[in-house]
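Visitor: Reminder that position 180 of the first sequence reads as 211 in our numbering, one-by-one numbering, no gaps.
For every residue, glycine included, the Cβ atom is placed at its ideal position computed from N, Cα and C.
My questions all concern the structure below.
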Amino acid sequence: MLDIKFIHDNLELCKQAAKNKNRDVDWDGLLALDDKRRALIGRAEIIRAKRNSGEKTTSEEGRAAGRKLKQELKAIEDELRDVEEKFGLLMLTVPNVPDKSVPIGKDERDNKEVKRWGKVPKFDYAVQDHIALAKSLDLIDFDRGTKVGGFRAYFLKNEAAQMEFAVLFYTFQKLIKKGYTPLIAPSLVKGFTLFGNGQFPWGAEEVYHLEKDDLYLAGTAEVPVTAYFSDEVLVEKDLPKKFVAFSPCFRREAGSYGKDTKGVYRLHQFSKVEQVIISTNDMNNSFTLHEELLANAEEILQDLELPYRVLLMCTGDMGEPQVKKYDIETWMPGRNAYGETMSNSVMGDFQARRLKIRYKTKDGKILFCHTLNNTALASPRILIAILENYQQSDGSIRLPKVLQGLMGKSEIRRPS
RNA sequence: GGAGGGUUGGCUGAGCGGUUUAAAGCGACGGUCUCGAAAACCGUUCUCCCGUAAGGGAGGCACAGGUUCAAAUCCUGUACCCUCCGCCA
32 MLDIKFIHDN LELCKQAAKN KNRDVDWDGL LALDDKRRAL IGRAEIIRAK RNSGEKTTSE
92 EGRAAGRKLK QELKAIEDEL RDVEEKFGLL MLTVPNVPDK SVPIGKDERD NKEVKRWGKV
152 PKFDYAVQDH IALAKSLDLI DFDRGTKVGG FRAYFLKNEA AQMEFAVLFY TFQKLIKKGY
212 TPLIAPSLVK GFTLFGNGQF PWGAEEVYHL EKDDLYLAGT AEVPVTAYFS DEVLVEKDLP
272 KKFVAFSPCF RREAGSYGKD TKGVYRLHQF SKVEQVIIST NDMNNSFTLH EELLANAEEI
332 LQDLELPYRV LLMCTGDMGE PQVKKYDIET WMPGRNAYGE TMSNSVMGDF QARRLKIRYK
392 TKDGKILFCH TLNNTALASP RILIAILENY QQSDGSIRLP KVLQGLMGKS EIRRPS
């Protein structure tokens with residue numbers, strides 16, 4: 032959420048930002064409601080002031096006068112409530128303003144590649160994709176997955192099941208060593224967390240809703256962990272708070288029924304370790320932290336020796352709450368292309384305003400925090416890259432060095 | 001699922017229809033003092049509206065409604081926490 036005063040003073044900037052993010056906002060309606068809202072507040076305050084100035088009364092005239100004021104006030108308050116509700120809903124539709132460094136563009140074709148790391152492997156034999164590898168080595172059972180759990184459901188099996196635990200745990204430990212506080216976060220969350228994070232109102236179709244209990248299944252630990260400090264006032268010297276959080280993640284994939292229908296690239300349920308930072312209201316510092324999150328994610332891929340590239344996302348492909356966003360794409364030989372594996376965002380105070388996460392500065396002021404998050408590791412998607420990049424000509428799969436100890440072996444091989 | 005008890009500012013905690021003012025303490029910040037610090041003392045420390053400002057006004061006691069001339073205080077609903085019973089990995 033932006034500050035209505037900021038919108039007032041920087042209307043053209045906000046309009047342009049929404050346009051660049053391909054979002055429509057009813058600006059005239061928003062400003063008209065704000066004017067109306069403030070006028071009503073003014074009128075209500077005058078009446079309340081009048082009421083306050085009345086003496087303690089026991090006389091009938093006094094009571095009658097009080098009743099009259101009460102009626103006038105009620106009419107205004109009813110209208111104000113209505114106006115504020117509509118105003119609040121419109122405010123939720125205003126996207127955040129991207130940083131100047133963000134390329135303006137329509138869709139993923141306008142993203143800017145800023146870095147490549149690692150050597151894309153060359154194979155002198157027919158490359159298998161992870162689906163074929165998984166089948167021949169009995170690593171993922173898709174047929175029984177869909178039998179039991181429907182479209183996009185799967186069983187990880189044998190070394191793939193071990194590998195998911197191993198790679199998540201490796202990542203968890205690595206970030207804990209860097210000073211991040213480990214969390215295992217709830218996936219079942221209340222609606223306010225999704226509005227607060229800015230997933231709602233825009234992405235509501237993407238989120239599972241358990242209507243009986245009015246709870247939602249979070250698509251990422253960003254949702255519960257960013258809301259962790261909602262409605263709280265933190266202390267400046269304790270910031271930034273850095274978390275590494277595990278959670279099962281759930282996505283309806285409503286807008287992409289036909290996309291990536293094979294394999295474990297796009298799933299309704301997966302596991303993820305997420306990095307989340309709650310920091311001070313200092314954009315320069317937040318950009319520094321944003322780079323730190325990026326470096327952490329890169330380091331994990333480097334440890335796994337997987338080739339990747341970093342993209343700076345353009346305005347049209349970056350999502351409503353974000354000020355700036357990088358995606359990391361990891362090389363997937365089966366696609367003969369890079370595939371997104373990490374997504375790194377800085378939000379400024381956009382989420383903190385919605386979630387009321389504040390802190391007290393050294394000189395006693397109360398400000399909204401800044402929030403950031405980045406994937407540390409998402410599985411099984413990362414398994415695609417591991418299985419495919421580490422495959423060998425005889426159909427076996429080597430294991431990344433950093434996982435060998437955790438898995439108790441150095442390769443996946445079946446007796447012929 | 002059932003029965004009780006609770007939720008007050010950054011924190012602890014008083015107030016339980018009417019001195020228009022949420023007491024007091026702690027913490028934090030500013031100042032006086034000091035070579036510097038501690039202590040002591042003085043001040044500031046929720047939000048919104050009007051105003052360039054000085055300042056003025058209103059709201060705020062988990063959230064949302066209601067009763068009343070008047071609500072932190074009474075009533076209703078909801079959320080969450082605690083104690084106990086039941087069920088349960």
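#1: What's the C-alpha gap between residue 210 and residue 330?
#2: Enumerate in chain order the residues of its own chain whose CB-to-CB distance from residue 325 is below 8 Å, with the five nearest sequence positions on each side excluded.
#3: Could you name each continuous alpha helix (DSSP H) segment of 4 residues or more that falls completely within the region 35–86, going from the start of the chain to the end?
#4: Could you pull the start and end residues of the alpha helix (DSSP H) that residue 251 belongs to?
#5: Taking all protein chains shown into account, decide if residue 172 is buried (16 or more other Cβ within 10 angstroms of its Cβ) or exposed.
#6: Give me, in chain order, the residues of the same chain whose beta-carbon lies closer than 8 Å to that of residue 68; leave out the 5 immediate sequence neighbours on both sides.
#7: Could you give the residue range of the alpha helix (DSSP H) that holds residue 363?
#8: In whole angstroms, what is the alpha-carbon distance linking residue 431 and residue 186?
#9: Using only the alpha-carbon positions, how far apart do residue 445 and residue 179 sit?
#10: Taking 8 Å as the cut-off, does the region 290–302 touch the region 408–419 (at least 3 CB pairs, one atom from each stretch)?
#11: Residue 278 and residue 215 - do their beta-carbons sit closer together than 9 Å?
#12: Please classify residue 433: does DSSP put it in a helix, a strand, or coil?
#13: Figure out for me which residue from 190, 222, 212, 354 has the closest Cα to the Cα of residue 273.
#14: Could you say which of 282, 403, 159 lies nearest to residue 320 if we only look at CA atoms?
#15: Residue 340 bridges to which residues according to DSSP?
#16: Measure the CB-CB distance between residue 390 and residue 312 and report whether it falls below 9 Å.
#17: Starting from residue 201, follow the alpha helix (DSSP H) in both directions and report where the run begins and ends.
#18: In chain order, what are the residue ranges of uninterrupted beta strand (DSSP E) at least 3 long that sit wholly in the region 263–295?
#19: What is the rounded straight-line gap between the Cα of residue 287 and the Cα of residue 261?
#20: Here's the rule: buried if 16 or more other CB atoms are within 10 angstroms of the residue's CB, otherwise exposed. What is residue 133?
#21: According to the Cβ coordinates, are residue 139 and residue 345 closer than 9 Å?
#22: Got a sec? Which residues, its chain only, sit under 8 Å from residue 231 by beta carbon, not counting five neighbours each side?
#23: Is residue 137 helix, strand or coil by DSSP?
#24: Does the region 155–167 come close enough to the region 360–367 to have 3 or more Cβ pairs within less than 8 Å?
#25: Measure the C-alpha to C-alpha separation of residue 372 and residue 418 and round it to an integer number of angstroms.
#26: Assuming residue 104 contacts residue 72 under a Cβ cut-off of 8 Å, what Cβ separation, rounded to an integer in Å, is found between them?
#27: Spatial neighbours of residue 258 within its chain, please: C-beta separation below 8 Å, excluding the five flanking residues on both sides.
#28: Shortest alpha-carbon distance to residue 194 belongs to which of 302, 252, 246?
#29: Straight-line CA distance for residue 266 to residue 383?
#30: Check whether the Cβ atoms of residue 427 and residue 154 lie closer than 9 Å to each other.
#31: Sorted by chain position, which residues of the same chain lie with C-beta nearer than 7 Å to residue 290's C-beta, five sequence neighbours on each side aside?
#32: Please work out which residues of its chain come closer than 7 Å, Cβ to Cβ, to residue 108, disregarding the five sequence neighbours upstream and downstream, and give them in chain order.
#33: Determine, using beta carbons only, whether residue 336 and residue 149 come nearer to each other than 9 Å.
#34: Per DSSP, residue 368 forms a beta bridge with which residues?
#35: Tell me the DSSP secondary structure of residue 216 in three-state form.
Guide: Reading from the atomic positions:
#1: C-alpha separation (whole angstroms): 15 Å.
#2: Once the five neighbours on either side are set aside, the close Cβ partners of residue 325 are 341, 357, 359, 375, 405.
#3: Runs found: 35–40, 42–51, 58–84.
#4: For residue 251, no alpha helix (DSSP H) run applies, since DSSP gives it neither H nor E.
#5: Buried, since its Cβ has 16 or more Cβ neighbours within 10 Å.
#6: Taking C-beta separations shorter than 8 Å and ignoring five residues to either side along the sequence, the partners of residue 68 in its chain run 111, 114, 115, 118, following chain order.
#7: Where residue 363 is concerned, there is no enclosing alpha helix (DSSP H), although the beta strand (DSSP E) around it starts and stops at 355–363.
#8: Put simply, the backbone Cα of residue 431 is about 22 Å away from that of residue 186.
#9: Residue 445 and residue 179 have their C-alpha atoms roughly 27 Å apart.
#10: Here the region 408–419 makes contact with the region 290–302; the two share three or more CB pairs at distances below 8 Å.
#11: Contact flag set, yes.
#12: The three-state reading of DSSP puts residue 433 in helix, counting H, G and I together.
#13: When each option's Cα is compared against that of residue 273, the closest is 212.
#14: The candidate whose alpha carbon is nearest that of residue 320 is 403.
#15: Bridge partners of residue 340: 147, 360.
#16: For residue 390 and residue 312, yes; Cβs fall inside 9 Å.
#17: 189–208 is the span of the alpha helix (DSSP H), which, as asked, contains residue 201.
#18: Counting whole runs of 3 or more residues, the region 263–295 contains the beta strand (DSSP E) stretches 263–266, 272–281.
#19: Those two C-alpha atoms are separated by around 32 Å.
#20: Buried, because 16 or more other Cβ atoms sit within 10 Å of the Cβ of residue 133.
#21: The beta carbons of residue 139 and residue 345 sit closer together than 9 Å.
#22: The residues 123, 222, 225, 238, in chain order, have a CB closer than 8 Å to that of residue 231 in the same chain once the five nearest residues on each side in sequence are set aside.
#23: For residue 137, the three-state secondary structure derived from DSSP is coil.
#24: Contact between the region 155–167 and the region 360–367 is present, because at least three Cβ pairs lie under 8 Å.
#25: The alpha-carbon atoms of residue 372 and residue 418 are separated by roughly 14 Å.
#26: 12 Å between Cβ atoms; not a contact.
#27: Cβ neighbours of residue 258 beyond the five flanking positions: 220, 223, 224, 227, 228, 386.
#28: Comparing Cα-Cα distances from residue 194 to each of 302, 252, 246, the minimum goes to 302.
#29: One C-alpha to the other measures close to 15 Å.
#30: Judged by their CB atoms, residue 427 and residue 154 are not nearer to each other than the 9 Å cut-off.
#31: Contacts found: 297.
#32: Its chain contains 75 as the residues whose beta carbon lies nearer than 7 Å to that of residue 108, once the 5 sequence neighbours on both sides are disregarded; these appear in chain order.
#33: At the C-beta level, residue 336 and residue 149 come within 9 Å of one another.
#34: Beta-bridge partners assigned by DSSP to residue 368: 363.
#35: Residue 216 falls in the coil class under three-state DSSP.
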